[in-house]
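A.B. asks: In this text, residue positions in the sequence shown follow the numbering used here: the first is 62, and each later residue adds one. All C-beta atoms, glycine included, are put in the ideal place defined by N, C-alpha and C. Following this message is one structure expressed as structure tokens.
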Amino acid sequence: MIDLRSDTVTRPTPGMRAAIAAAEVGDEQMGEDPSVNELQERVAALLGQERAIFLPTATMANQIALKLHGRPGDVLIAEEHSHVVIYEFGGAAVHAGLLTVGLSGSGGRLTPEQVRAAASTVEDIVDQRPAVLVLENTHNVAGGRVWPLAEIDDVVAVARAARVGVHMDGARLFNAAVGLGVPPAEIGSRVDTVTVCLSKGLGCPLGACLAGPAELMEVAWREKFLFGGAMRQAGIVAAAALYALDNHVERLAVDHERARRLAEGWHAAGLPVELDRVETNFVQIDTSRLDMPRAEMLSALRAAGVALSPTFGPTHVRAVTHLDLDDADIDRAIEIVSETLVRHAAA
Ligand SMILES: Cc1ncc(COP(=O)(O)O)c(C=O)c1O
């Protein structure tokens with residue numbers, strides 16, 4: 062099976078397993094795990110932030126960030142299909158007590174005017190405090206789309222003027238950095254707090270970091286305990302992340318190149334793929350332009366040897382490239398998906 066459902070399906074490589082086996086460990090809760098400590102320091106520096114905290118998941122990192130920025134009754138502003146809005150089980154309300162205002166984005170991005178209007182409408186009319194703006198980069202549901210740096214600056218300026226904190230859900234920030242050809246700190250230092258995930262393109266079995274100013278991260282450290290995310294010999298996992306920082310960041314360019322090749326191959330075969338939306342490791346197919354229901358299409362492809370996954374909304378499916386694929390898998394996926402679907406493509 063050529064598994065293109067997500068970049069989370071990767072299994073640790075032999076090199077990563079060797080790093081895990083050799084990991085130096087200690088009690089993380091006592092601040093004594095050398096691998097965790099090293100990882101936190103490296104991630105903070107990489108993201109241009111003062112301090113980073115190691116956490117089991119990016120969801121936990123986002124949820125802790127929301128609590129750092131807001132108080133119950135405050136407002137979260139985010140693109141309406143952001144992970145924090147549609148995939149975190151209402152955690153913004155449950156954990157931080159925030160009311161979410163979802164805005165309709167383009168390519169997963171919001172304009173300064175939208176943010177200004179959302180921040181001021183909320184405050185002027187109903188006296189609720191807009192506390193945090195979340196930017197997702199790359200944006201998952203939009204298809205791995207990247208925020209240009211100037212656009213980040215524009216919305217951050219509006220947020221700051223409105224005294225709204227900015228959190229970046231950079232679960233795939235390394236993809237964004239490689240996509241733009243800039244160091245990750247160019248992105249991470251532009252916002253107040255930032256999540257990065259280690260179990261997606263970087264190929265770790267689990268883990269994420271939340272980074273930000275030292276003072277806020279002191280609060281985040283307490284929240285890590287409150288969420289049940291304070292671990293013990295977590296260096297076993299942090300060692301995988303250290304290995305990934307050394308070996309799996311620059312190679313994301315290969316995933317991006319393979320996603321482009323997939324997209325071009327499918328497009329050339331007549332499938333409904335919008336090439337200009339392919340910016341990182343995601344390719345989306347618009348199944349509304351095929352005469353086959355999405356679920357049927359996904360099982361036909363699986364039977365033929367390729368696994369794709371539904372993405373948000375009733376019509377699109379996605380392919381996500383990752384570490385566990387090679388060039389031959391991409392060639393086969395181009396062939397199989399084209400052969401299986403092309404007769405269903407509307408003329
Ligand atoms: C944009 C984004 N943020 C956060 C997450 C959550 O990651 P985790 O599964 O580590 O909680 C995901 C997972 O797919 C994601 O795509």
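Between Leu234 and Ile248, which are expected to be in contact by the criterion C-beta below 8 Å, what is the C-beta distance as a whole number of angstroms?
C.D. replies: The residue you call residue 234 lines up with position 173 of the sequence shown. The residue you call residue 248 lines up with position 187 of the sequence shown. Confirmed, about 6 Å.
A.B. asks: Write down the C-beta distance between Pro191 and Gly158 rounded to the nearest angstrom, noting that I regard them as a contact closer than 8 Å.
C.D. replies: As a first step, residue 191 is located in the sequence shown; it is residue number 130 there, counting from the start. As a first step, residue 158 is located in the sequence shown; it is residue number 97 there, counting from the start. About 14 Å separates the beta carbon of Pro191 from that of Gly158, a gap too long to meet the 8 Å contact definition.
A.B. asks: Between Asn236 and ligand 3, is there a pair consisting of the residue's CB and a ligand heavy atom that are separated by less than 7 Å?
C.D. replies: Ligand 3 is not part of this structure, which contains only ligand 1.
A.B. asks: Measure the alpha-carbon distance for His316 versus Leu336 and round it to whole angstroms.
C.D. replies: Mapped onto the sequence shown, residue 316 falls at position 255. Mapped onto the sequence shown, residue 336 falls at position 275. According to the sequence as given, residue 316 is Asp; it is not His. Approximately 16 Å between the Cα atoms of the pair.
A.B. asks: Flag this pair as touching only if the region 366–382 and the region 296–306 have three or more C-beta atom pairs under 8 Å; answer yes or no.
C.D. replies: no
A.B. asks: At the level of alpha carbons, what is the spacing between Tyr304 and Asp352?
C.D. replies: Counted from its first residue, the sequence shown places residue 304 at position 243. Counted from its first residue, the sequence shown places residue 352 at position 291. Distance between the alpha carbons of Tyr304 and Asp352 is about 45 Å.
A.B. asks: Excluding the 5 residues flanking Leu277 on each side, which residues of the same chain have their C-beta closer than 8 Å to its C-beta?
C.D. replies: Residue mapping note: residue 277 aligns to position 216 of the sequence shown, counting from 1. Contacts found: Leu129, Asp253, Thr254.
A.B. asks: Compare the Cα-Cα distances from His142 to each of Phe373, Leu386, His405 and report the closest residue.
C.D. replies: On the sequence shown, position 81 is the one that residue 142 refers to. If we check each option's Cα against that of His142, Phe373 comes out closest.
A.B. asks: Do Leu259 and Ala302 have their CB atoms nearer than 8 Å?
C.D. replies: Within the sequence shown, residue 259 is the residue found at index 198, counting from 1. Within the sequence shown, residue 302 is the residue found at index 241, counting from 1. Contact: yes.
A.B. asks: Confirm the yes/no value for this check: CB of Asn201, any heavy atom of ligand 1, distance under 7 Å.
C.D. replies: For this step, residue 201 is matched to residue 140 along the sequence shown. Yes, the Cβ of Asn201 comes within 7 Å of a heavy atom of ligand 1.
A.B. asks: Which residue's Cα is closest to the Cα of Trp327: Val344, Thr120, Leu116, Met229?
C.D. replies: Taking the first residue of the sequence shown as 1, we reach residue 327 at position 266. Of the listed residues, the one whose Cα sits closest to Trp327 is Val344.
A.B. asks: Please name the residue in Ala269, Arg393, Gly289 whose C-alpha comes closest to that of Phe115.
C.D. replies: Within the sequence shown, numbered from 1, the residue matching residue 115 stands at position 54. Nearest option by C-alpha distance: Ala269.
A.B. asks: Per DSSP, what kind of secondary structure is Gly152 in: helix, strand or coil?
C.D. replies: If you number the sequence shown from 1, residue 152 lands on position 91. Helix, per DSSP.
A.B. asks: Less than 7 Å between the CB of Asn342 and some heavy atom of ligand 1, yes or no?
C.D. replies: Numbered from 1 along the sequence shown, position 281 holds the residue referred to as residue 342. False, no ligand heavy atom lies under 7 Å from that Cβ.
A.B. asks: Taking the C-alpha atoms as reference points, what is the distance between Gln175 and Ala220?
C.D. replies: Stepping through the sequence shown from its first residue, residue 175 is reached at position 114. Stepping through the sequence shown from its first residue, residue 220 is reached at position 159. If I take the Cα positions, the gap works out to 11 Å.
A.B. asks: Any idea what DSSP makes of Gly234, helix, strand or coil?
C.D. replies: As a first step, residue 234 must be located in the sequence shown, where it is residue number 173. A small correction: the amino acid at residue 234 is Leu; Gly does not occupy that position in the sequence shown. DSSP places Leu234 in helix when its eight states are reduced to three.
A.B. asks: Report the three-state DSSP secondary structure of Pro191 (helix, strand or coil).
C.D. replies: To locate residue 191, count along the sequence shown from 1; it is residue 130. If DSSP states are grouped into helix, strand and coil, Pro191 belongs with the strands.
A.B. asks: Quick one: Cα of Pro266 to Cα of Val155, how far?
C.D. replies: Taking the sequence shown and counting its residues from 1, the one referred to as residue 266 is at position 205. Taking the sequence shown and counting its residues from 1, the one referred to as residue 155 is at position 94. If you take the alpha carbons of Pro266 and Val155, they lie about 27 Å apart.
A.B. asks: With the cut-off set at 8 Å, would you say Ala83 and Thr256 are in Cβ contact?
C.D. replies: Residue 83 sits at position 22 when you count from the first residue of the sequence shown. Residue 256 sits at position 195 when you count from the first residue of the sequence shown. No, the Cβ-Cβ distance between Ala83 and Thr256 is not below 8 Å.
A.B. asks: Beta carbon of Ala139, beta carbon of Ala272: below 8 Å?
C.D. replies: Residue 139 sits at position 78 when you count from the first residue of the sequence shown. Residue 272 sits at position 211 when you count from the first residue of the sequence shown. Remark: C-beta atoms of Ala139 and Ala272 do not approach each other more closely than 8 Å.
A.B. asks: If you compare alpha carbons, which of Glu318, Arg338, Thr341, Ile346 is closest to Ala330?
C.D. replies: For the purposes of this step, residue 330 is taken as residue 269 along the sequence shown, with counting starting at 1. The option with the nearest alpha carbon to Ala330 is Ile346.
A.B. asks: With 16 other CB atoms within 10 Å as the buried threshold, where does Asp417 fall?
C.D. replies: Residue 417 cannot be examined here, being either before or after the span of the chain that is shown, 62 to 408.
A.B. asks: Under 8 Å between C-beta atoms, does Glu141 make it to chain D?
C.D. replies: No chain D is part of this structure, which consists of one protein chain only.
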